[in-house]
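Per our numbering, the sequence shown starts with residue 1, numbered consecutively. Heads up, the beta-carbon is just placed ideally off N, CA and C, and yes, glycines get one too.
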Amino acid sequence: MGLIKYPSPVKLIIGLIFRDPGLAGKAKEKVEESFGPIDFQSPTYPFLQTNYYYKEMGGNLKREFISLAELVAPDALPKIKILTNQIEDQLSSPDSEKGRRVNIDPGYINSEKMILATTKNYTHRPYLTKGIYADLTYRFYKGSFRPLDWTYPDYRLPQYIEIFNTIRKSYVEQLKNVEIQSKNDKDPRISS
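Structure, rendered in C-alpha cells:
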C-alpha cells in the first residue's frame, strides 16, 4: 500500500489572448484582485497559430503569459478556471452576439509538468470537477519543458517554451524557500 502524500504548491500561470491591450490590462488587474500580484509578464506576441478565436474575437490577436507570485494548491485549478471564466464574462462585449474580448487560460507549473485548465473534454484530458478538465501540456525532461503530441501549436514555439522554463526556474527557487520556511516553522529551536 502506498502512503498518501500531498503535493507541493504549484505556480499559477495564465495565458491571455486579446486584441485590445487596454482590455488585457483590465484583465490582469482583475486577475491580481483574485489571485494576488503578478511576478512575471512575457512580451506580447502576435497570435497567428490558429483562427479558432477569429469569429468571436476578430483578427489581429495578441498573446501574453503571466505568472502569479503566490503559490496555490494544484486542486484549486478548477475554481481558478471558473473565476477566470467569470472575468472573461465581465469583460465581454456588451453585444452578447460578439462574446469574449479577452481569453484567459489558467494553468500551473510544477517541477515535472505544466497543466492547463479547460472546459473541453478529450482523450488525454482527465476530468477534475465542476466541468473542468486538466490538459497536460508539457513534461519537464532533460532540462526543459517538452511538448506532447496534443500540445497546442503555439505552445510548441521555442519562445513560449523558454518563457515557461524561466517561470519554472523561478518556481523551483520559490518552492525551496517555502520548504525551508515550513521546516523552520516546525523546528521549536527556530520558531518563536
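- Taking 8 Å as the cut-off, the beta carbon of residue 156 is found no closer than this to the beta carbon of residue 112.
- Residue burial annotation: residue 107 is buried, with at least 16 other C-beta atoms found within 10 angstroms of its C-beta.
- For the pair residue 28 and residue 82, the CB atoms are not nearer than the 8 Å cut-off.
- Looking at 56, 64, 54 and 31, the one whose alpha-carbon comes closest to that of residue 45 is 64.
- Going by DSSP, residue 27 is part of the alpha helix (DSSP H) stretching over 21–35.
- Between the C-alpha atoms of residue 15 and residue 162 there is a straight-line separation of about 14 Å.
- Under DSSP, residue 65 shares a beta bridge with 15.
- Between the C-alpha atoms of residue 123 and residue 172 there is a straight-line separation of about 30 Å.
- Listed in chain order, the non-local C-beta contacts of residue 135 below 6 Å within the same chain comprise 116, 118 and 125, local neighbours out to five positions each way being set aside.
- Linking residue 145 to residue 74 through their CA atoms gives a straight-line distance of about 18 Å.
- Taking residue 54 as the centre and dropping the five residues before and after it, the same chain places no C-beta closer than 6 Å to its C-beta.
- Beta-bridge pairing by DSSP links residue 106 to 14.
- DSSP lists no beta-bridge partner residue for residue 49.
- Ranked by how close their Cα comes to the Cα of residue 170, the residues 4, 3, 12 and 6 have 12 in first place.
- Counted as a single uninterrupted DSSP element, the beta strand (DSSP E) harbouring residue 39 occupies residues 38–41.
- Rounded to whole angstroms, the separation of the alpha carbons of residue 47 and residue 160 is 12 Å.
- Going by beta carbons, residue 88 and residue 104 fall inside the 8 Å limit.
- Residue 109 and residue 164 do touch by the CB rule: their CB atoms are close to 6 Å apart, below 8 Å.
- The shortest CA-to-CA distance from residue 154 to any of 61, 84 and 102 is the one to 61.
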